[in-house]
Amino acid sequence: MADDVYIFGDGPIELNAGQRRETLTVHNTGDRAVQIGSHFHFFEVNRALSFDREKAFGMRLDIPSGTAVRFEAGDTKEVGLVEYGGGMRIVGFGGLLNGSVRSRVAREDAFTRLHDLGYLDEPDGRGDGAGNGHRGGAKRRERTHAGSSRSKKKG
0 MADDVYIFGD GPIELNAGQR RETLTVHNTG DRAVQIGSHF HFFEVNRALS
50 FDREKAFGMR LDIPSGTAVR FEAGDTKEVG LVEYGGGMRI VGFGGLLNGS
100 VRSRVAREDA FTRLHDLGYL DEPDGRGDGA GNGHRGGAKR RERTHAGSSR
150 SKKKG
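In numbering that gives the first Met the number 0, the protein residues as written are 0 to 154.
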């Protein structure tokens with residue numbers, strides 16, 4: 000038997016057993032394809048992808064390690080997300096979150112950076128880019144640390 004073969008036993012293996020999951024509708028509003036790897040913090044993916052980033056906070060794609068999901072320009076897809084395991088400390092990626100997903104301050108800072116840098120965010124879950132306020136002067140929804148939101152006219 001080859002050295003790089005693992006035998007786990009008979010029957011199916013459940014990936015990410017016991018982890019919190021979400022399903023989101025994601026729309027690529029950009030003019031180029033975007034590919035997201037299995038372990039990327041989904042909250043911080045490409046700013047042209049429109050979806051409810053609140054629900055994606057602390058989550059990654061619920062797909063096998065080493066695989067990816069590709070969004071062609073204009074595509075809309077449903078994706079499954081799963082909560083990160085371990086210490087829940089996320090650093091790097093898009094530079095939005097640099098700390099624990101459990102930290103109120105780190106969360107507030109991440110959402111502030113998200114909006115300041117023009118990332119699309121669809122709190123209503125449509126994923127169509129129409130309600131986030133980053134295009135066309137529509138209202139922008141600012142989130143508080145607890146996940147509630149309030150409307151603010153973008154100016």
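From the three backbone atoms N, C-alpha and C, an ideal C-beta is built for every residue, glycine too. None of the values given here were measured: they were computed from a predicted structure.
Per-residue burial, Ala155 [other beta carbons within 10 Å of its own, 16 or more giving buried]
Nothing can be reported for residue 155: it is not among the residues displayed for the chain, which extend from 0 to 154.
Own chain residues within Cβ distance below 7 Å of Leu113, not counting five before or after:
Position 114 of the sequence shown holds residue 113. Correct list, in chain order: Arg52, Leu95 and Asp120.
Going along the chain, which unbroken runs of the alpha helix (DSSP H) with 4 or more residues stay wholly within the stretch 72-125?
103-115
Coarse secondary structure for Phe70, derived from DSSP in three states:
The sequence position of residue 70 within the sequence shown is 71, counting from 1. If DSSP states are grouped into helix, strand and coil, Phe70 belongs with the strands.
Rounded to the nearest angstrom, what separates Phe39 and Glu21 at their Cα positions?
Working through the sequence shown from its first residue, we reach residue 39 at position 40. Working through the sequence shown from its first residue, we reach residue 21 at position 22. Near 15 Å, if we compare the C-alpha coordinates of Glu21 and Phe39.
I'd like to check one pair, Val25 with Phe56: are the Cβ atoms closer than 7 Å?
By one-based count along the sequence shown, residue 56 stands at place 57. By one-based count along the sequence shown, residue 25 stands at place 26. No.
Less than 7 Å between the C-beta atoms of Val90 and Asn97, yes or no?
Your numbering for residue 90 matches position 91 in the sequence shown. Your numbering for residue 97 matches position 98 in the sequence shown. Cβ atoms of Val90 and Asn97: closer than 7 Å.
Measure the alpha-carbon distance for His144 versus Arg101 and round it to whole angstroms.
Here the question's residue 144 lines up with position 145 in the sequence shown. Here the question's residue 101 lines up with position 102 in the sequence shown. With a pLDDT of 43 at His144, under the threshold of 50, the modelled position of that residue is not reliable, and no figure is offered here.
Could you give the DSSP three-state label for Arg163: helix, strand or coil?
Since the first residue of the chain shown is 0 and the last is 154, residue 163 is not available in this structure.
Suppose only complete runs of 3+ residues qualify. What are the beta strand (DSSP E) ranges in the stretch 12-44, listed by chain order?
20-27 and 33-36
Cutting at 8 Å between CB atoms, please list the residues of its own chain near Asp3, excluding the five before and the five after it.
One-based indexing of the sequence shown puts residue 3 at position 4. Excluding positions up to five away in sequence, the list is empty.
Pick from Ile35, Arg19, Glu82 and Ala109 that is closest to Arg69, judged by C-alpha positions
Counted from its first residue, the sequence shown places residue 69 at position 70. Comparing Cα positions, the closest option is Ile35.
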